[in-house]
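S.K.: So the sequences go chain by chain: C and U. Residues in the first sequence are numbered from 1 upward in steps of one, following the working numbering. Residues in the second sequence are numbered from 188 upward in steps of one, following the working numbering. The C-beta atom is built at its ideal place from N, Cα and C for all residues, glycine as well. Bear in mind the structure is a predicted one, so any value in this text is a computation, not a measurement.
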Amino acid sequence: MATMNNQDSNNNNNNNNRQVTAGPPMNASKQPLPTPKTVDTQSVLKRLQSELMALMMSGDSGISAFPEEDNIFCWKGTISGSKDTVFEGTEYKLSLSFPNDYPFKPPKVKFETGCFHPNVDVFGNICLDILQDKWSSAYDVRTILISIQSLLGEPNTSSPLNTQAAALWGNQEEYRKMVEKLYKPVA
Amino acid sequence: MPAGFGEVPSRSPQRPSCSSDNNPNNGDAGNFECNICFDLAQDPIVTLCGHLFCWPCLYKWLHIHSHSQECPVCKALIEEEKLVPLYGRGKNSTDPRSKSVPGVEIPNRPAGQRPETAPPPDRNAFAQHGQHGFGLMGGFGPAMTASFGNFTLSFGGLIPSFFNVQMHAFTGHPMYGNGAAPAPAPAPAPGFSYGGHHAHGAPQQRAHQHETGFSAASPLLIIGLLFLWALIWN
Ligand SMILES: [Zn+2]
Ligand SMILES: [Zn+2]
Numbered sequence: 001m002a003t004m005n006n007q008d009s010n011n012n013n014n015n016n017n018r019q020v021t022a023g024p025p026m027n028a029s030k031q032p033l034p035t036p037k038t039v040d041t042q043s044v045l046k047r048l049q050s051e052l053m054a055l056m057m058s059g060d061s062g063i064s065a066f067p068e069e070d071n072i073f074c075w076k077g078t079i080s081g082s083k084d085t086v087f088e089g090t091e092y093k094l095s096l097s098f099p100n101d102y103p104f105k106p107p108k109v110k111f112e113t114g115c116f117h118p119n120v121d122v123f124g125n126i127c128l129d130i131l132q133d134k135w136s137s138a139y140d141v142r143t144i145l146i147s148i149q150s151l152l153g154e155p156n157t158s159s160p161l162n163t164q165a166a167a168l169w170g171n172q173e174e175y176r177k178m179v180e181k182l183y184k185p186v187a
Numbered sequence: 188m189p190a191g192f193g194e195v196p197s198r199s200p201q202r203p204s205c206s207s208d209n210n211p212n213n214g215d216a217g218n219f220e221c222n223i224c225f226d227l228a229q230d231p232i233v234t235l236c237g238h239l240f241c242w243p244c245l246y247k248w249l250h251i252h253s254h255s256q257e258c259p260v261c262k263a264l265i266e267e268e269k270l271v272p273l274y275g276r277g278k279n280s281t282d283p284r285s286k287s288v289p290g291v292e293i294p295n296r297p298a299g300q301r302p303e304t305a306p307p308p309d310r311n312a313f314a315q316h317g318q319h320g321f322g323l324m325g326g327f328g329p330a331m332t333a334s335f336g337n338f339t340l341s342f343g344g345l346i347p348s349f350f351n352v353q354m355h356a357f358t359g360h361p362m363y364g365n366g367a368a369p370a371p372a373p374a375p376a377p378g379f380s381y382g383g384h385h386a387h388g389a390p391q392q393r394a395h396q397h398e399t400g401f402s403a404a405s406p407l408l409i410i411g412l413l414f415l416w417a418l419i420w421n
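1. Does the beta carbon of Ile251(U) come closer than 8 Å to any beta carbon on chain C?
2. Per DSSP, what are the beta-bridge partners of Pro231(U) in this structure?
3. If you draw a straight line from the C-alpha of Asp133(C) to the C-alpha of Ala54(C), how long is it?
4. Compute every distance between the C-beta of Asp40(C) and the non-hydrogen atoms of ligand 1, then say whether any falls below 7 Å.
5. Would you call the CB atoms of Pro236(U) and Cys221(U) closer than 8 Å?
6. Any chance you could list the residues with Cβ under 6 Å from a heavy atom of ligand 2, keeping chain order?
7. Counting only the same chain and skipping the five closest in sequence on each side, list residues whose C-beta sits under 7 Å from that of Gly81(C).
8. Less than 8 Å separating the beta-carbons of Pro297(U) and Glu267(U)?
9. Is the closest heavy atom of ligand 1 to the C-beta of Ala228(U) under 7 Å?
10. Would you say Ala165(C) and Phe116(C) are within 8 Å of each other, going by their C-beta atoms?
11. Are the stretch 58–77 of chain C and the stretch 91–102 of chain C in contact at 8 Å, needing three or more beta carbon pairs?
12. When the Cα atoms are used, what is the spatial distance from Lys46(C) to Met178(C)?
13. Tell me which residue opens and which closes the alpha helix (DSSP H) that Leu131(C) is part of.
14. For Phe66(C), name the three-state secondary structure that DSSP assigns.
15. What whole-angstrom Cβ distance do Pro185(C) and Thr157(C) have, given they're in contact under 8 Å?
16. Could you tell me whether the Cβ of Phe225(U) comes closer than 8 Å to any Cβ of chain C?
17. According to DSSP, which residues form a beta bridge with Val141(C)?
18. DSSP beta-bridge partners for Ser95(C)?
19. Does the Cβ of His238(U) have 16 or more other Cβ atoms within 10 Å, making it buried, or fewer, making it exposed?
20. My output table needs one value for His117(C): the three-state DSSP class, helix, strand or coil.
21. Count the other CB atoms within 10 Å of the CB of Glu51(C); is the residue buried (16 or more) or exposed (fewer)?
22. Under 9 Å Cβ-Cβ, which residues of chain U neighbour Arg47(C)?
23. Consult DSSP for Leu161(C) and reduce its assignment to one of helix, strand or coil.
24. Per DSSP, which one or two residues make a beta bridge with Ile228(C)?
25. Can you pull the chain U neighbours of Ala138(C), defined as C-beta to C-beta under 7 Å?
26. Could you tell me the distance, in whole angstroms, from the CA atom of Phe225(U) to the CA atom of Leu245(U)?
27. Please list, in chain order, the chain C residues whose beta carbon lies closer than 9 Å to that of Lys269(U).
28. Tell me whether Ile79(C) counts as near ligand 1, meaning its Cβ is closer than 7 Å to at least one heavy atom of that ligand.
29. Using the Cβ count rule (16 or more neighbours within 10 Å means buried), how would you classify Phe123(C)?
30. Which residues of chain U have a Cβ atom closer than 8 Å to the Cβ of Glu51(C), listed in chain order?
31. Distance, Cα to Cα, Pro231(U) vs Val260(U)?
32. With distance defined between alpha-carbon atoms, name the residue in Thr41(C), Arg176(C) and Leu145(C) nearest to Gly62(C).
33. Using the Cα positions of His250(U) and Asn171(C), report the straight-line distance between them to the nearest angstrom.
34. So the alpha helix (DSSP H) Tyr175(C) belongs to, where does it begin and stop?
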């Protein structure tokens, strides 16, 4: 986030910040103005804001995301398990935290709801190439969430984070039971 | 401002308008948004795969953050010398961000690669090219159209009709492709379907593309006329 060490930002920054608040209450007006050193922060804010607008307009089913109340660099997302997968009927909360050089670097994405999945570890870390070395600055929150949603139904069992889940994947009936047993929806 | 949630009912109807202010996604401008910052492209640049970016955004992606030379959208190989800048009408804007990235010097946007100026569509072109053998073919079409519009010029159009027989011999020559057609020309086949020994092949067709409102039947007409005159003059 913007650092505290410089207050001599100009009015332009100030005006741009106000636009950000068109959405939900965001950090911009509470935080100190971005310093000249982090002018890039300005474009990150702008891009996140435009992603938020697009997400609200798109009405994608099964995925949603919204910034946390006081920090537009931290979002909470939800995805629901796709139909005809063992995850059907379950819903998962995720956290996305965006670096200062987003979208050149990917956000850190974690499951907040426990997810019994070959590519998700017990801490909610996700092993997904587009969130690591295959990241592209053209990806956005929407494509991330859609990718994770399809990862649920199509795990990569050859290099699992959760070996137990990977081993069980072959038996979809048992796997479904396990998902139901371990599923703890967040209120 | 952190608007209170009590305002929500009154704010909701404003959403479409505020989104159009801040996010041109829904309008035509969506086609001109940078694929990296999602904003209207500044110092716009297009890859060979057709994807649009701000030059500073693409530069940062290629040189600072990515260790591959891939298009962020489609993963196509990006060769910097093949990038095409977009010059719209108006000011030659410089992206303010390009100056203010700490520790990063973003070079000027690559310039457009300008092909040669197109030959003027008048008789001079024919006169000049007429002395240079192969170049004749480029000027041939325009000379014909001039003769169509003005009978006094028809004499100029007559000469090519004699040369035309010679031109046939060139069509199989390697020089034909290199010298006469800098751009990929349409396949010669349709040209030959005009029939007779007056078929001209690709260069003829290309020339006609420059003439708007010049119907496909017209070349036949001219060719017919020229052919008649050629007979008379002989
Ligand atoms: Zn951009
Ligand atoms: Zn591309």
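M.R.: Inspection of the coordinates gives the following:
1. Translated into the one-based positions of the second sequence, residue 251(U) becomes position 64. By this cut-off, Ile251(U) is an interface position.
2. Mapped onto the second sequence, residue 231(U) falls at position 44. DSSP, once it has assigned bridges, lists Cys241(U) as partnering Pro231(U).
3. Your numbering for residue 133(C) matches position 133 in the first sequence. Your numbering for residue 54(C) matches position 54 in the first sequence. Computed Cα separation, rounded: 26 Å.
4. Locating residue 40(C) in the first sequence gives position 40, where the first residue counts as 1. Checking the Cβ of Asp40(C) against ligand 1 gives no.
5. Counted from its first residue, the second sequence places residue 236(U) at position 49. Counted from its first residue, the second sequence places residue 221(U) at position 34. Checking the sequence, you will find Cys at residue 236(U) rather than Pro. Not closer than 8 Å, so no.
6. Thr234(U), Cys236(U), His238(U), Cys258(U), Val260(U), Cys261(U) and Ala263(U)
7. Within the first sequence, numbered from 1, the residue matching residue 81(C) stands at position 81. Closer than 7 Å at the Cβ level, and outside the excluded window around Gly81(C), lie Phe87, Glu88, Gly89, Thr90 and Leu152.
8. Taking the second sequence and counting its residues from 1, the one referred to as residue 297(U) is at position 110. Taking the second sequence and counting its residues from 1, the one referred to as residue 267(U) is at position 80. Yes, the Cβ-Cβ distance between Pro297(U) and Glu267(U) is below 8 Å.
9. To locate residue 228(U), count along the second sequence from 1; it is residue 41. Within the cutoff, so yes.
10. Here residue 165(C) corresponds to residue number 165 of the first sequence, with the count starting at 1. Here residue 116(C) corresponds to residue number 116 of the first sequence, with the count starting at 1. Yes; because the gap between Cβ atoms is below 8 Å, this pair is in contact.
11. yes
12. The residue labelled residue 46(C) in the question sits at position 46 within the first sequence. The residue labelled residue 178(C) in the question sits at position 178 within the first sequence. Their backbone Cα atoms lie some 42 Å apart in a straight line.
13. As a position in the first sequence, residue 131(C) is number 131, starting the count at 1. Unbroken run through Leu131(C): none, as it is neither H nor E.
14. Taking the first sequence and counting its residues from 1, one reaches residue 66(C) at position 66. Note: Phe66(C) maps to strand in three-state DSSP.
15. For this step, residue 185(C) is matched to residue 185 along the first sequence. For this step, residue 157(C) is matched to residue 157 along the first sequence. Contact doesn't hold; Cβ gap of about 25 Å is too wide.
16. The count along the second sequence starts at 1 and reaches residue 225(U) at position 38. At least one chain C Cβ lies under 8 Å of Phe225(U).
17. Here residue 141(C) is taken as the residue at index 141 of the first sequence, counted from 1. Looking at the DSSP assignment, Val141(C) forms no beta bridge with any residue, so it has no partner.
18. Numbered from its first residue, the first sequence carries residue 95(C) at position 95. Bridge partners of Ser95(C): Lys76(C) and Lys110(C).
19. Position 51 of the second sequence, counted from the first residue, corresponds to residue 238(U). The residue is buried, with at least 16 neighbouring Cβ atoms inside 10 Å.
20. Counting from 1 along the first sequence, the entry for residue 117(C) is found at position 117. Reduced to three states, the DSSP call for His117(C) is strand.
21. Translated into positions along the first sequence, residue 51(C) becomes position 51. By the neighbour-count rule (16 or more Cβ atoms within 10 Å), Glu51(C) is buried.
22. On the first sequence, residue 47(C) is found 47 positions in, with the first residue counted as 1. Simply Ile223, Cys224, Phe225 and Asp226.
23. Locating residue 161(C) in the first sequence gives position 161, counting from the first residue. DSSP places Leu161(C) in coil when its eight states are reduced to three.
24. The shown model of chain C, from 1 to 187, leaves out residue 228(C), and the question about it has no answer.
25. Position 138 of the first sequence, counting from 1, holds the residue named residue 138(C). Correct list: Asn222, Ile223, Pro259 and Val260.
26. Within the second sequence, residue 225(U) is the residue found at index 38, counting from 1. Within the second sequence, residue 245(U) is the residue found at index 58, counting from 1. Each residue's alpha carbon lies about 12 Å from the other.
27. Along the second sequence, read from residue 1 onward, the residue named residue 269(U) stands at position 82. Going along chain C, no residue has its Cβ under 9 Å from Lys269(U), so there is no contact; the nearest lies around 19 Å.
28. For the purposes of this step, residue 79(C) is taken as residue 79 along the first sequence, with counting starting at 1. It does not: the Cβ of Ile79(C) is nowhere closer than 7 Å to a heavy atom of ligand 1.
29. The residue labelled residue 123(C) in the question sits at position 123 within the first sequence. So Phe123(C) ends up on the exposed side.
30. By one-based count along the first sequence, residue 51(C) stands at place 51. Going along chain U in sequence order, the residues near Glu51(C) (Cβ under 8 Å) are Phe225.
31. For the purposes of this step, residue 231(U) is identified with residue 44 of the second sequence, where counting begins at 1. For the purposes of this step, residue 260(U) is identified with residue 73 of the second sequence, where counting begins at 1. The alpha-carbon atoms of Pro231(U) and Val260(U) are separated by roughly 16 Å.
32. The residue labelled residue 62(C) in the question sits at position 62 within the first sequence. If we check each option's Cα against that of Gly62(C), Leu145(C) comes out closest.
33. Position 63 of the second sequence, counted from the first residue, corresponds to residue 250(U). Position 171 of the first sequence, counted from the first residue, corresponds to residue 171(C). His250(U) and Asn171(C): Cα-Cα distance of roughly 46 Å.
34. On the first sequence, position 175 is the one that residue 175(C) refers to. Element bounds for Tyr175(C): Gln172 to Leu182.
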